[in-house]
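The next block holds one structure in the form of structure tokens; read it before the comments.
Structure below.
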């Protein structure tokens, strides 16, 4: 069972989930909130997703994270190759942040790979189980029910991309926190 409310930013690939998450980060920081987590910066070529860079929110580090072509030392997982170094750096930084006063976590994104127990699985599971700070997570609409069941998320609110602005979502989050 989750100990926090999870706010889901839902959308298909390329729909603007990461853009909305970046806007939420800017809005939250503008209101003086301390944010933790990560954002994904996607790359496209000929209408095909070719990779992501990982932007760590606390440090601002931007790390090459996954690509659709093999790079030395990168590990295959589904249709991408992932940088073990970037993953370990991300996990290490985010674990360190759990002990700080974070007002809002932003996780961009949880999907099929985490459902298989890989990538952000363990960190995300611990975050929603053991912390009471609101979490905003992006995911594809078709996976919401499966992910929420798998991670035992019993309190969640879904906002599809384009439904509300970052300002409106943040207002909802802060209003619920004040209750």
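Numbering (our numbering), first residue to last: 768 to 946.
C-beta: ideal position from N, C-alpha, C; glycine also.
All values reported here derive from a predicted model rather than from experimental measurement.
Within its chain, find whatever has a CB closer than 7 Å to the CB of residue i; leave out the 5 residues flanking it on each side and keep chain order.
i	result
residue 925	775, 777, 911
residue 809	785, 816, 819
residue 825	803, 860, 864
residue 782	928
residue 914	877, 882, 906
residue 846	835
Considering only the alpha carbon of each residue, which of the options lies closest to residue i?
i	options	result
residue 945	813, 858, 901	901
residue 928	921, 917, 908	908
residue 745	783, 838, 869, 858	This structure does not reach residue 745, given that the chain is present from 768 up to 946, and the question cannot be answered.
residue 936	904, 856, 866	904
residue 877	871, 885, 797	885
residue 835	872, 849, 822	849
residue 800	906, 868, 823	868
residue 823	879, 838, 807, 814	807
residue 920	866, 897, 814	897
Does the Cβ of residue i have 16 or more other Cβ atoms within 10 Å, making it buried, or fewer, making it exposed?
i	result
residue 779	exposed
residue 875	buried
residue 829	exposed
residue 769	buried
residue 881	buried
residue 811	exposed
residue 844	exposed
residue 942	exposed
residue 894	buried
residue 871	buried
Could you spell out the range, first to last residue, of the beta strand (DSSP E) harbouring residue i?
i	result
residue 907	Where residue 907 is concerned, there is no enclosing beta strand (DSSP E), given that its DSSP letter is neither H nor E.
residue 874	871–875
residue 816	815–823
residue 846	Unbroken run through residue 846: none, as it is neither H nor E.
residue 882	Run containing residue 882: none in the beta strand (DSSP E); it sits in the alpha helix (DSSP H), 879–882.
residue 829	829–834
Output the boundary residues of the alpha helix (DSSP H) element that contains residue i.
i	result
residue 890	888–897
residue 859	851–864
residue 938	933–945
Output needed for residue i: all residues of its chain with C-beta closer than 8 Å, excluding positions within five of it in sequence on either side, in chain order.
i	result
residue 933	787, 790, 791, 793, 794
residue 930	none
residue 922	769, 771, 772, 773
residue 892	918
residue 796	802
Whose C-beta lies closer than 6 Å to the C-beta of residue i among residues of the same chain, with five residues either side of it excluded?
i	result
residue 821	805, 830, 832, 853, 857
| task | Just list the beta strand (DSSP E) runs in the segment 769–823, keeping only unbroken ones of 3 residues or longer that don't cross its boundaries, in chain order. | result | Segments of the beta strand (DSSP E) lying fully in the segment 769–823: 773–777, 802–812, 815–823.
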